[in-house]
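> First the structure, which I've put down as structure tokens, then a few questions once you've had a look.
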Amino acid sequence: MMKPLLLCLGLLASAAGCNRRPPNASPDGAVRELVERLRLVNGDPAAAKSAFELLSKRARGNLAERAQRYSAASGKTIAPEAMIVPSRFVVRFEPQRYAAQISGNHALVEIIGLGPEDRAQVACVFEDEAWRVDLPFPPLPPVQVRPGNN
1 MMKPLLLCLG LLASAAGCNR RPPNASPDGA VRELVERLRL VNGDPAAAKS
51 AFELLSKRAR GNLAERAQRY SAASGKTIAP EAMIVPSRFV VRFEPQRYAA
101 QISGNHALVE IIGLGPEDRA QVACVFEDEA WRVDLPFPPL PPVQVRPGNN
């Protein structure tokens, strides 16, 4: 009698875990998760890859291009997620609330802290069946080729 009961409890527990929504099922969830994952990066390649996965195709493409240029210039291969530098993603305030405004496949998430100046807005895009954070990296300048190196 005890084995069937334990088996049923185990199946119920595993089924309950399957119903958990992924963090990027909503735009505010994606931003909240990215903030948490960026806090863990600090040179950890696995944490950087985890944060990289929450970024939009455009943001990932920008980082991939930066990594390719770095690799070409240095002769040392670097993964795109390694371009996430912890010092560039400093949390200016402790987020207290996240509020999303969704318009079709795009959303704007407002991060709200304790003080009146503790506010930030982050763009998101729905792609590949999930919300992705669309960080606005500066565009890369064109590659300059020295004369005679064609």
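Numbering (our numbering), first residue to last: 1 to 150. Where a beta carbon is used, it is the ideal one built from N, C-alpha and C, also for glycine. Here the structure is a predicted model, which means the values were calculated and not measured.
#1: Specify, as a first and last residue, the run of the beta strand (DSSP E) that E127 falls within.
#2: Could you check how far apart the C-beta atoms of Q121 and L108 are, in whole angstroms? I think they sit under 8 Å.
#3: Are the stretch 95-113 and the stretch 68-79 touching by the rule of at least three beta carbon pairs closer than 8 Å?
#4: Look up R92 in the DSSP assignment and say whether it is helix, strand or coil.
#5: Can you tell me whether E65 is helix, strand or coil according to DSSP?
#6: Beta-carbon separation of A51 and L63 under 7 Å?
#7: Compute the distance between the beta-carbons of D35 and V133, then report whether it is under 7 Å.
#8: According to DSSP, simplified to helix, strand and coil, what is M1?
#9: For the alpha helix (DSSP H) containing E81, list its first residue and its last residue.
#10: Any heavy atom of the ligand ADP within a distance shorter than 6 Å of the CB on Y70?
#11: Look at the Cβ atom of D118, then the Cβ atom of F93, and state whether they are nearer than 7 Å.
#12: Drop a sphere of 10 angstroms on the beta-carbon of S103, count the other beta-carbons inside from all chains shown, and report buried for 16 or more, exposed for fewer.
#13: Between which residues of its own chain and A48 is the CB-CB distance below 7 Å, once the five residues before and five after are set aside?
#14: Note the first and the last residue of the continuous alpha helix (DSSP H) segment covering R132.
#15: Quick check on G61: buried or exposed, where buried means 16 or more other Cβ atoms within 10 Å of its Cβ?
#16: Can you check DSSP and say which residues form a bridge with A99?
A quick look at the data gives this:
#1: If you number the sequence shown from 1, residue 127 lands on position 127. Run containing E127: R119 to E127, per the beta strand (DSSP E) assignment.
#2: Residue 121 sits at position 121 when you count from the first residue of the sequence shown. Residue 108 sits at position 108 when you count from the first residue of the sequence shown. Confirmed, Cβ separation roughly 6 Å.
#3: no
#4: Taking the first residue of the sequence shown as 1, we reach residue 92 at position 92. Note: R92 maps to coil in three-state DSSP.
#5: As a first step, residue 65 is located in the sequence shown; it is residue number 65 there, counting from the start. Reduced to three states, the DSSP call for E65 is helix.
#6: The residue given as residue 51 occupies position 51 in the sequence shown. The residue given as residue 63 occupies position 63 in the sequence shown. The answer is no: Cβ separation not under 7 Å.
#7: On the sequence shown, residue 35 is found 35 positions in, with the first residue counted as 1. On the sequence shown, residue 133 is found 133 positions in, with the first residue counted as 1. The sequence given here has Val at residue 35, not Asp. Cβ atoms of V35 and V133: not closer than 7 Å.
#8: Numbered from 1 along the sequence shown, position 1 holds the residue referred to as residue 1. Low confidence applies to M1: its pLDDT is 43, below 50, so where it sits in the model is not reliable enough to give any reading.
#9: The count along the sequence shown starts at 1 and reaches residue 81 at position 81. Segment: none, E81 is in no alpha helix (DSSP H) and carries neither H nor E.
#10: Annotation note on the ligand ADP: not contained in the displayed structure, which lists no ligands.
#11: One-based indexing of the sequence shown puts residue 118 at position 118. One-based indexing of the sequence shown puts residue 93 at position 93. Yes; because the gap between Cβ atoms is below 7 Å, this pair is in contact.
#12: The residue you call residue 103 lines up with position 103 of the sequence shown. It is exposed - the Cβ of S103 has fewer than 16 other Cβ atoms within 10 Å.
#13: Looking up residue 48 in the sequence shown gives position 48. Excluding positions up to five away in sequence, the list reads V41, E81, A82 and I84.
#14: The sequence position of residue 132 within the sequence shown is 132, counting from 1. Counting along the chain, R132 falls outside any alpha helix (DSSP H), though it belongs to the beta strand (DSSP E) covering A130 to V133.
#15: Translated into positions along the sequence shown, residue 61 becomes position 61. Within 10 angstroms of the beta-carbon of G61 lie fewer than 16 other beta-carbons, which makes it exposed.
#16: Here residue 99 is taken as the residue at index 99 of the sequence shown, counted from 1. Its beta-bridge partners are E110.
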